[in-house]
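Residue numbering for the sequence shown follows the working numbering, beginning at 509 and increasing consecutively.
Below: the structure, in structure tokens.
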Amino acid sequence: MAEPILEVRELVKYFPLTQGILFKRQIGAVRAVDGISFGLHRGETLGIVGESGCGKSTLAKVLMNLERPTAGEVFYKGEEISRLRGAALRAVRRNIQMVFQDPYTSLNPRMTVGDIIGEPFEIHPEVAPKGDRRRAVQDLL
Ligand SMILES: Nc1ncnc2c1ncn2[C@@H]1O[C@H](COP(=O)(O)OP(=O)(O)O)[C@@H](O)[C@H]1O
Ligand SMILES: [Mg+2]
Numbered sequence: 509m510a511e512p513i514l515e516v517r518e519l520v521k522y523f524p525l526t527q528g529i530l531f532k533r534q535i536g537a538v539r540a541v542d543g544i545s546f547g548l549h550r551g552e553t554l555g556i557v558g559e560s561g562c563g564k565s566t567l568a569k570v571l572m573n574l575e576r577p578t579a580g581e582v583f584y585k586g587e588e589i590s591r592l593r594g595a596a597l598r599a600v601r602r603n604i605q606m607v608f609q610d611p612y613t614s615l616n617p618r619m620t621v622g623d624i625i626g627e628p629f630e631i632h633p634e635v636a637p638k639g640d641r642r643r644a645v646q647d648l649l
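Next up, the structure:
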């Protein structure tokens with residue numbers, strides 16, 4: 509079988525539980541994700557189901573690189589992405605996105621449609637250089 513597009517190996521995310529105000533002591537940890545592994549191949553869809561608080565959102569955040577894993581690895585097309593930073597992380601993020609249950613909440617009512625659609629080009633200028641941005645937004649519309 510071909511290499512998976514997304515592969516997760518023994519992924520762990522613990523959140524520290526601390527006590528004290530000035531001198532924070534760690535008194536334990538919330539084991540939000542505790543050793544999950546799976547592979548996802550081209551054309552496949554994976555659903556993750558479980559009771560509230562079982563770690564679904566934390567897993568998604570680690571996959572999106574919004575949270576760093578405590579341990580384990582996330583491979584996107586063979587590249588370990590969970591500890592990338594800076595330009596390398598930005599490049600990978602062009603290929604990964606969240607689609608929220610209510611997509612309209614992603615739209616800022618104080619911005620124009622053109623500004624909303626054009627905003628990602630500020631973050632990824634290599635996709636549409638400044639001069640081409642208006643044009644790129646019009647093409648998308
Ligand atoms: N930033 C955080 N700090 C501490 N605990 C967290 C944090 N985020 C999530 N948790 C805890 O991790 C567990 C898993 O939460 P979550 O991933 O949101 O579950 P789900 O999305 O499946 O409902 C819960 O016990 C939650 O309270
Ligand atoms: Mg959740």
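The C-beta atom is built at its ideal place from N, Cα and C for all residues, glycine as well.
Task: Among GLN609, VAL516, ASP610 and GLY558, nearest to LEU571 - alpha-carbon criterion - done: Translated into positions along the sequence shown, residue 571 becomes position 63. Cα-wise, what sits closest to LEU571 is VAL516.
- [ ] Taking the CB atoms as reference points, tell me whether TYR522 and THR578 lie closer together than 7 angstroms.
- [x] As a position in the sequence shown, residue 522 is number 14, starting the count at 1. As a position in the sequence shown, residue 578 is number 70, starting the count at 1. Yes. Within cutoff.
- [ ] When you get a sec, list the residues whose CB is within less than 5 angstroms of any heavy atom of ligand 1, chain order please.
- [x] PHE523, VAL538, ALA540, SER560, GLY561, CYS562, GLY563, LYS564, SER565 and THR566
Open item on the list: In the DSSP assignment, the beta strand (DSSP E) including GLY580 goes from what residue to what residue?
Closed with: On the sequence shown, residue 580 is found 72 positions in, with the first residue counted as 1. First-last of the beta strand (DSSP E) with GLY580: 579-584.
TODO: Determine, using beta carbons only, whether ILE513 and ARG550 come nearer to each other than 7 angstroms.
DONE: As a first step, residue 513 must be located in the sequence shown, where it is residue number 5. As a first step, residue 550 must be located in the sequence shown, where it is residue number 42. Result yes, Cβ atoms of ILE513 and ARG550 sit closer than 7 angstroms.
Open item on the list: At the level of alpha carbons, what is the spacing between ASN573 and PRO524?
Closed with: Taking the first residue of the sequence shown as position 1, residue 573 is located at position 65. Taking the first residue of the sequence shown as position 1, residue 524 is located at position 16. Taking the straight line joining both Cα atoms gives about 18 angstroms.
Open item on the list: Quick test of your reading: VAL520 and VAL541, contact by CB under 8 angstroms. State the CB separation rounded to the nearest angstrom.
Closed with: The residue given as residue 520 occupies position 12 in the sequence shown. The residue given as residue 541 occupies position 33 in the sequence shown. Right, their Cβ atoms sit about 6 angstroms apart.
Open item on the list: Buried or exposed for VAL538, going by 16 or more other Cβ atoms inside 10 Å?
Closed with: Here the question's residue 538 lines up with position 30 in the sequence shown. Here VAL538 is exposed: its Cβ has fewer than 16 other Cβ atoms, across all protein chains shown, within 10 Å.
Task: Beta-carbon proximity list for ILE704, same chain, < 6 angstroms, skipping 5 on both sides - done: Nothing about residue 704 can be read from this structure; the chain reaches only from 509 to 649.
Task: Residues near GLY536 by beta carbon distance below 7 angstroms, same chain, minus five either side - done: Sequence index remark: in the sequence shown, residue 536 carries index 28 (1-based). Answer for GLY536: LEU525, listed in chain order.
Task: For ASP610, the three-state DSSP class (helix, strand or coil) - done: Taking the first residue of the sequence shown as position 1, residue 610 is located at position 102. Reduced to three states, the DSSP call for ASP610 is coil.
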